[in-house]
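Protein chains in written order, with the numbering used here: chain H, 103 to 351; chain G, 1034 to 1254; chain P, 8 to 67.
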Amino acid sequence: MSNRLINWFKFASPQSFYPLAGRMIPWFWALTAVFGAIGLWISFFVAPTDAVQGEGYRIIFIHVPASWMSMFIYLVMAAWAGLGLALNTRLSGMMAQALAPTGALMAFISLWTGAFWGKPMWGTWWVWDARLTSELILFFLYIGFIALQAAIDDPRRADKAGAVMALVGVVNVPIIYFSVKWWNTLHQGASVSMTKSPSMAQTMLWGMLVMALCFWMYSIAVALMRVRAIILERETHTEWVRELPEVKE
Amino acid sequence: MSAFLAIVRRDLLLAMRRKSEVLTALFFFIIVVSLFPLGIGPEPALLKKIAPGILWVAALLSTMLSLNRLFATDHADGTLEQLVLSPTPLGLLVAGKIGAHWLTSGLPLVLLAPVLGLQFDLDTSALGILVVALLLGTPLLSLIGAIGAALTLGVRGGGVLLSLLVLPLYIPALIFGAGAVEAHISGLGATGHLSLLAALLALAAFFAPWATTAALRIALE
Amino acid sequence: MNWGSPAEFFAMGGYALYVWGSFVVCAAIMVMEPILARKRQKDILRTLRRERIAEELDNQ
């Protein structure tokens, strides 16, 4: 057990994580491509035309995975942030910082595709639906986190302040979602039911799951790429960075 | 407890010496609220419908104005470091500062709101609900805002950043606060909204001073 | 098979603007983001290399 613990802490140092991340990135890109190809094939060629929404429903295959990822990445980010505050590890803050832009983009994709789905289905680009509104607020929370970290020059302070912000955000997300839902049910005029028909075809579900895996692998790959750059930026004046083969060449 | 009261008294005294800062935020509140009828038109039915939302949004914005100063002046003259080093638990002192902030920026809003509500044709019972909702909601704004103020302490572009961080977190307060008045006007009863607002206040009173303390320690280390 | 011809595929049963508007923007973001991350990595590596060369010149 103690052996394992030591191993984990070994990878928690930027010095050993940097090459490890470099080796993992191609694998995650490969998985992204495989899941992406299968997922797109299912979403366009296997999944049948929807009886009600016609071909327009195919947006679901990116809309739902992007929404899932935007929420999941926020949780992971907050977890890294909490870990950083509790154990004072350098890598945690860098991971949180690397994840934030990807999460914000996922939230953006979710909003964008939601609008493009809403237009043909509901007749408007934007509906103050509980889920859409919560997603928008989640996007604001990401932007706040990124702006806070960008405004603080000292990276250690930026990490810790960002961590407090992420944790405060994660406590608030369920409260915000609940309050928006409450607000939405009281204002019946604007509410549009988005609940899926119970007879959602099995293939649609599979398509969504495979696409979600693709988005998942993509997020890991791109966050690892970004964390490598962040490690180099932060550790510029250390010996191990100077001895890296890509710096020496 | 005496430390808590001492901090409240000290901050109130300081606020009294710099009256203009407190008054500016108040007049901002009055002006913003008065702008809406000019922008929308004087139709009473419409104004009555949007009044709770407008009063609440204006309250959020005017709270934002005064949040910047919550820790900044004490940070500039070194008092804050003394507070951090003092043997009294920092959480208690922070709670005192938040309390004083509410007394100087939240409470005046609560007292002013019914007068402004008259401009929007709200009847007496709706005004009563508005006051109760603000009474529960404005401490919540001070509590959540303190976290943001501590996080952005001494940071470039702190003021704008503060609103970016804090305003999304204010949304539940806005929804339940404005919703209480609206529910009352439409005859649904405001009890549900008000009890949820009170629950949020209890939650924030428990967690916010603690998170603010952590953020202050990070900012000062 | 859902589609009789490529044209039918691109028409998306009349929802072309919405379906392709979503997928193309999503794809564009997912291409741009890694490119930007890669650029960030290259930039910092270039700075590091330059610093190293400057140091070596100093030592000589």
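Idealized CB from N, CA, C, for every residue including glycine.
Length of the line joining the Cα atoms of residue i and residue j
{"i": "Trp-286 of chain H", "j": "Ser-172 of chain H", "result": "Note on identity: in this sequence residue 286 of chain H is Asn, with Trp being the wrong assignment. Distance between the alpha carbons of Asn-286 of chain H and Ser-172 of chain H: 22 Å."}
{"i": "Glu-40 of chain P", "j": "Thr-204 of chain H", "result": "8 Å"}
{"i": "Val-272 of chain H", "j": "Ile-248 of chain H", "result": "15 Å"}
{"i": "Tyr-244 of chain H", "j": "Leu-1093 of chain G", "result": "21 Å"}
{"i": "Leu-269 of chain H", "j": "Asp-65 of chain P", "result": "46 Å"}
{"i": "Ala-1237 of chain G", "j": "Leu-1176 of chain G", "result": "6 Å"}
{"i": "Val-1143 of chain G", "j": "His-1108 of chain G", "result": "29 Å"}
{"i": "Gln-199 of chain H", "j": "Lys-283 of chain H", "result": "30 Å"}
{"i": "Gly-1210 of chain G", "j": "Thr-1106 of chain G", "result": "31 Å"}
{"i": "Pro-150 of chain H", "j": "Tyr-159 of chain H", "result": "10 Å"}
{"i": "Gln-362 of chain H", "j": "Gly-264 of chain H", "result": "This structure leaves residue 362 of chain H out entirely; chain H is present only between 103 and 351."}
{"i": "Phe-137 of chain H", "j": "Leu-201 of chain H", "result": "21 Å"}
{"i": "Arg-1050 of chain G", "j": "Ala-1058 of chain G", "result": "15 Å"}
{"i": "Trp-1140 of chain G", "j": "Arg-1189 of chain G", "result": "It is worth fixing the name first, because residue 1140 of chain G is Leu in this sequence and not Trp. For Leu-1140 of chain G and Arg-1189 of chain G, the distance between alpha carbons rounds to 30 Å."}
{"i": "Asp-256 of chain H", "j": "Leu-1184 of chain G", "result": "13 Å"}
{"i": "Leu-334 of chain H", "j": "Ala-1091 of chain G", "result": "45 Å"}
{"i": "Leu-1080 of chain G", "j": "Ile-1208 of chain G", "result": "18 Å"}
{"i": "Gly-291 of chain H", "j": "Pro-1172 of chain G", "result": "Summary for Gly-291 of chain H: the model assigns pLDDT 43, below 50, so the residue's position carries little reliability; its value from the coordinates is reported in the next sentence. Cα to Cα, the separation comes out at about 32 Å."}
{"i": "Gly-1150 of chain G", "j": "Asp-1156 of chain G", "result": "8 Å"}
{"i": "Ile-1073 of chain G", "j": "Ser-1067 of chain G", "result": "11 Å"}
{"i": "Leu-346 of chain H", "j": "Ala-253 of chain H", "result": "30 Å"}
Exposure of residue i, with buried meaning 16 or more beta-carbon neighbours within 10 Å
{"i": "Gly-309 of chain H", "result": "buried"}
{"i": "Gly-1178 of chain G", "result": "buried"}
{"i": "Pro-116 of chain H", "result": "buried"}
{"i": "Pro-1205 of chain G", "result": "buried"}
{"i": "Glu-1076 of chain G", "result": "exposed"}
{"i": "Ile-1099 of chain G", "result": "It is Ser, not Ile, that sits at residue 1099 of chain G in the sequence shown. Ser-1099 of chain G comes out buried."}
{"i": "Phe-1060 of chain G", "result": "exposed"}
{"i": "Asn-1101 of chain G", "result": "buried"}
{"i": "Met-103 of chain H", "result": "Note that Met-103 of chain H has pLDDT 44, beneath the 50 cutoff, so the model's placement of it is unreliable and the number below is only indicative. Counting Cβ neighbours within 10 Å, Met-103 of chain H comes out exposed, since fewer than 16 surround it."}
{"i": "Trp-224 of chain H", "result": "exposed"}
{"i": "Phe-1153 of chain G", "result": "buried"}
{"i": "Asp-1213 of chain G", "result": "The question names Asp, but residue 1213 of chain G is Ala in the sequence shown. So Ala-1213 of chain G ends up on the buried side."}
{"i": "Ala-1133 of chain G", "result": "buried"}
{"i": "Met-306 of chain H", "result": "buried"}
{"i": "Ser-237 of chain H", "result": "Note that residue 237 of chain H is Glu in the sequence shown, not Ser. That one is buried."}
{"i": "Asn-274 of chain H", "result": "buried"}
{"i": "Glu-157 of chain H", "result": "buried"}
{"i": "Asp-50 of chain P", "result": "exposed"}
{"i": "Arg-259 of chain H", "result": "buried"}
{"i": "Ala-44 of chain P", "result": "buried"}
{"i": "His-1226 of chain G", "result": "buried"}
{"i": "Lys-298 of chain H", "result": "For Lys-298 of chain H, the pLDDT reaches just 49, beneath the cut-off of 50, and the residue's location in the model is therefore unreliable, although a value from the coordinates is still provided. So Lys-298 of chain H counts as exposed."}
Three-way DSSP call (helix, strand, coil) for residue i in this model
{"i": "Ile-1191 of chain G", "result": "Position check: residue 1191 of chain G holds Gly in this sequence, whereas Ile was assumed. DSSP places Gly-1191 of chain G in helix when its eight states are reduced to three."}
{"i": "Asp-261 of chain H", "result": "helix"}
{"i": "Asp-50 of chain P", "result": "helix"}
{"i": "Glu-58 of chain P", "result": "helix"}
{"i": "Gly-1220 of chain G", "result": "coil"}
{"i": "Gly-138 of chain H", "result": "helix"}
{"i": "Gly-225 of chain H", "result": "coil"}
{"i": "Asp-152 of chain H", "result": "strand"}
{"i": "Arg-1051 of chain G", "result": "coil"}
{"i": "Leu-1253 of chain G", "result": "helix"}
{"i": "Met-296 of chain H", "result": "Since pLDDT at Met-296 of chain H reaches only 48, below the 50 mark, its modelled position is unreliable, and the value read off the structure follows with that caveat. It is coil, neither helix nor strand."}
{"i": "Gln-67 of chain P", "result": "coil"}
{"i": "Thr-235 of chain H", "result": "helix"}
{"i": "Asp-1044 of chain G", "result": "helix"}
{"i": "Glu-345 of chain H", "result": "coil"}
{"i": "Thr-204 of chain H", "result": "helix"}
{"i": "Tyr-159 of chain H", "result": "helix"}
Cutoff 8 Å: residue i Cβ touching any chain C Cβ
{"i": "Ala-249 of chain H", "result": "As a matter of chain content, chain C is missing from the structure shown, whose protein chains are H, G and P."}
Quiz prompt | Selection of the stretch 1157–1168 of chain G by Cβ proximity to chain H, strictly under 8 Å | solution = Close to chain H, meaning a Cβ-Cβ distance shorter than 8 Å, is no residue of the stretch 1157–1168 of chain G at all.
Practice problem: Determine contact between the stretch 315–324 of chain H and the stretch 1080–1093 of chain G, defined as no fewer than three beta-carbon pairs at a distance below 8 Å. | Solution: No, because fewer than three Cβ pairs between the stretch 315–324 of chain H and the stretch 1080–1093 of chain G fall closer than 8 Å, the two stretches do not touch.
Quiz item: Are there three or more Cβ pairs, one per stretch, closer than 8 Å when the stretch 155–167 of chain H is compared with the stretch 207–227 of chain H?
Solution: By the C-beta criterion, the stretch 155–167 of chain H is judged to be in contact with the stretch 207–227 of chain H, since at least 3 inter-stretch pairs fall below 8 Å.
Quiz item: Of all the residues that make up the stretch 1064–1094 of chain G, which are near chain H by a beta-carbon distance shorter than 7 Å?
Solution: The stretch 1064–1094 of chain G vs chain H, Cβ under 7 Å: nothing.
Exercise. Check distances from the C-beta atoms of the stretch 268–283 of chain H to those of chain G and list, in chain order, the residues that come in under 9 Å.
Key: If the cut-off is 9 Å between Cβ atoms, the stretch 268–283 of chain H has Leu-269, Val-270, Gly-271, Val-273, Asn-274, Ile-277, Ile-278, Phe-280, Ser-281 and Val-282 near chain G.
Quiz prompt | Residues from the stretch 173–193 of chain H in contact with chain G, defined by Cβ distance under 7 Å | solution = Hits within the stretch: zero.
Quiz item: Can you find at least 3 beta carbon pairs, one from the stretch 1212–1228 of chain G and one from the stretch 19–37 of chain P, that sit closer than 8 Å?
Solution: Remark: fewer than three beta-carbon pairs, one from each stretch, lie closer than 8 Å, so the stretch 1212–1228 of chain G and the stretch 19–37 of chain P are not flagged as touching.
Quiz item: For the 8 Å Cβ check, are there 3 or more pairs between the stretch 123–141 of chain H and the stretch 323–336 of chain H?
Solution: A contact exists between the stretch 123–141 of chain H and the stretch 323–336 of chain H.
Exercise. Using a Cβ-Cβ cut-off of less than 7 Å, give me the residues of the stretch 22–39 of chain P that come near chain H, in sequence order.
Key: Per Cβ criterion, the list reads Tyr-22, Tyr-25, Val-26, Gly-28, Ser-29, Phe-30, Val-32, Cys-33, Ile-36 and Met-37.
Quiz prompt | Selection of the stretch 253–266 of chain H by Cβ proximity to chain G, strictly under 7 Å | solution = Cβ contacts with chain G: Ala-253, Ile-254, Arg-259, Lys-262, Ala-263 and Val-266.
Exercise. Could you tell me whether the stretch 336–351 of chain H touches the stretch 1112–1130 of chain G, using the rule of 3 or more Cβ pairs below 8 Å?
Key: As far as the Cβ criterion goes, the stretch 336–351 of chain H does not touch the stretch 1112–1130 of chain G, which means the pair count is below three.
Self-check item: the stretch 227–241 of chain H in contact with the stretch 177–184 of chain H per 3-pair CB rule at 8 Å
Solution: Contact fails: fewer than three Cβ-Cβ distances are below 8 Å.
Quiz item: What are the residues of the stretch 1183–1207 of chain G that lie near chain H, defined by any Cβ-Cβ distance shorter than 8 Å?
Solution: Of all residues in the stretch 1183–1207 of chain G, only Leu-1184, Thr-1185, Val-1188, Arg-1189, Gly-1190, Gly-1191, Leu-1194, Leu-1197, Leu-1198, Leu-1200, Pro-1201, Leu-1202, Ile-1204 and Pro-1205 place a beta-carbon less than 8 Å from a beta-carbon of chain H.
Quiz item: Between the stretch 49–61 of chain P and chain H, which residues of the former have CB atoms less than 9 Å from a CB of the latter, in chain order?
Solution: Under the 9 Å Cβ criterion, the stretch 49–61 of chain P contributes Lys-49, Asp-50, Ile-51, Leu-52, Thr-54, Leu-55, Arg-56, Glu-58 and Arg-59.
Practice problem: Using a Cβ-Cβ cut-off of less than 8 Å, list which residues of the stretch 222–238 of chain H approach chain P; keep chain order. | Solution: Those would be Pro-222, in chain order.
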